[in-house]
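A.B. asks: I have a structure here, written as C-alpha cells, and I will follow up with some questions on it.
In full-length UniProt numbering, the protein residues as written are 1 to 203.
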C-alpha cells in the first residue's frame with residue numbers, strides 16, 4: 001500500500017514538473033501577447049485600425065512559438081499566463097473586427113478555451129461604453145444605439161446558459177455596461193429635448 005502511494009506521488013510529481021517547465025517556456029511569450037493585445041486595444045480607441053492590424057501580424061509568431069513550446073500539451077489551456085493572454089487577445093480581436101466591419105474569427109493557430117472567448121467578448125462591451133462616452137452627442141446617437149444593441153445581444157446570449165463564478169462576474173460586467181450605454185442614450189435624448197425647447201422658446 002505504501003509503495004503504491006509512493007508510485008502515485010512520483011507519477012504526479014512528474015506531471016507537475018512538466019507543467020511547471022511548460023509555464024517557464026510559455027510565460028515570456030504569453031506576457032508579450034497580453035501586453036501587445038492591450039496596445040492594440042489602445043490603438044483602436046484612437047481608431048488606428050491599420051497600426052492595430054500590423055501589431056496583430058507581429059504577435060502571430062508569438063502564438064506559433066507558444067504552440068511549438070507546448071507541443072500539443074493539454075496543460076497549455078490551464079496555464080494562468082496563457083489564459084490571461086488569450087482573453088486580452090480575444091477582446092482586442094473582437095474590437096478590431098467591430099471597427100473593421102469584418103466577422104470575428106480566431107486564427108487556427110491560436111488555441112483558446114471557451115471561457116477566454118466569452119470573457120474577451122464580454123470585456124469588449126466595456127470598450128463600447130468608452131467609445132459611447134467619447135462620442136456622446138445628438139449626431140452620434142444612432143451609432144451609440146448600435147453599441148447598445150450589440151451589448152444587449154451579448155447579455156441576452158449569456159442569460160441562456162448556467163454561468164460559473166468567473167463567467168457570472170463577466171456577465172455582471174456586461175450587464176452594467178449595457179446600463180451605462182442606456183444612460184448615455186438617455187442623457188443625449190434629454191439634451192436634445194432641452195435644446196429643442198430652448199430653441200422654440202427663442203422664436
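Cβ coordinates follow ideal geometry from the N, Cα and C atoms, glycine included.
Return helix, strand or coil for residue 2, following the three-state DSSP convention.
C.D. replies: Position 2 of the chain shown, counted from the start, is the residue given in the question as residue 2. It is helical.
A.B. asks: Taking buried to mean at least 16 other C-beta atoms within 10 Å of its own C-beta, is residue 123 buried or exposed?
C.D. replies: Counting from one through the chain shown, the residue named residue 123 turns up at place 123. Residue burial is scored here from C-beta neighbours: residue 123 has at least 16 other C-beta atoms within 10 angstroms and is therefore classed as buried.
A.B. asks: Ordered along the chain, which non-local residues of its own chain (more than five positions away) have a Cβ less than 7 Å from that of residue 97?
C.D. replies: Residue 97 sits at position 97 when you count from the first residue of the chain shown. So the qualifying residues of the chain are 103, 104.
A.B. asks: For chain C, is any of its Cβ atoms less than 8 Å away from the one on residue 114?
C.D. replies: The chain labelled as chain C is not found in the depicted structure, where only one protein chain is given.
A.B. asks: Whole alpha helix (DSSP H) runs in the stretch 100-151 with 4 or more residues, listed along the chain?
C.D. replies: 114-135
A.B. asks: Mapping DSSP to helix, strand and coil, what is residue 188?
C.D. replies: One-based indexing of the chain shown puts residue 188 at position 188. Note: residue 188 maps to helix in three-state DSSP.
A.B. asks: Nearest to residue 28 by CA position, among 82, 182, 138, 8, is which residue?
C.D. replies: Counted from its first residue, the chain shown places residue 28 at position 28. With distances taken between Cα atoms, residue 28 lies closest to 82.
A.B. asks: Roughly how many whole angstroms lie between the Cα atoms of residue 169 and residue 20?
C.D. replies: On the chain shown, position 169 is the one that residue 169 refers to. On the chain shown, position 20 is the one that residue 20 refers to. Their backbone Cα atoms lie some 29 Å apart in a straight line.
A.B. asks: Within its chain, find whatever has a CB closer than 7 Å to the CB of residue 180; leave out the 5 residues flanking it on each side and keep chain order.
C.D. replies: Your numbering for residue 180 matches position 180 in the chain shown. These residues qualify, in order along the chain: 129.
A.B. asks: For residue 135, tell me which candidate among 174, 187, 5 has the shortest Cα-Cα distance.
C.D. replies: Translated into positions along the chain shown, residue 135 becomes position 135. The candidate whose alpha carbon is nearest that of residue 135 is 187.
A.B. asks: Three or more C-beta pairs closer than 8 Å, one from the stretch 6-14 and one from the stretch 54-69: is that the case here?
C.D. replies: no
A.B. asks: What did DSSP end up calling residue 7 once you bin it into helix, strand or coil?
C.D. replies: What you label residue 7 is simply residue 7 of the chain shown in a count that begins at 1. Note: residue 7 maps to helix in three-state DSSP.
A.B. asks: For the alpha helix (DSSP H) containing residue 73, list its first residue and its last residue.
C.D. replies: In the chain shown, residue 73 corresponds to position 73, counting from 1. Unbroken run through residue 73: none, as it is neither H nor E.
A.B. asks: Between which two residues does the alpha helix (DSSP H) holding residue 50 run?
C.D. replies: What you label residue 50 is simply residue 50 of the chain shown in a count that begins at 1. DSSP places residue 50 in the uninterrupted alpha helix (DSSP H) bounded by 49-58.
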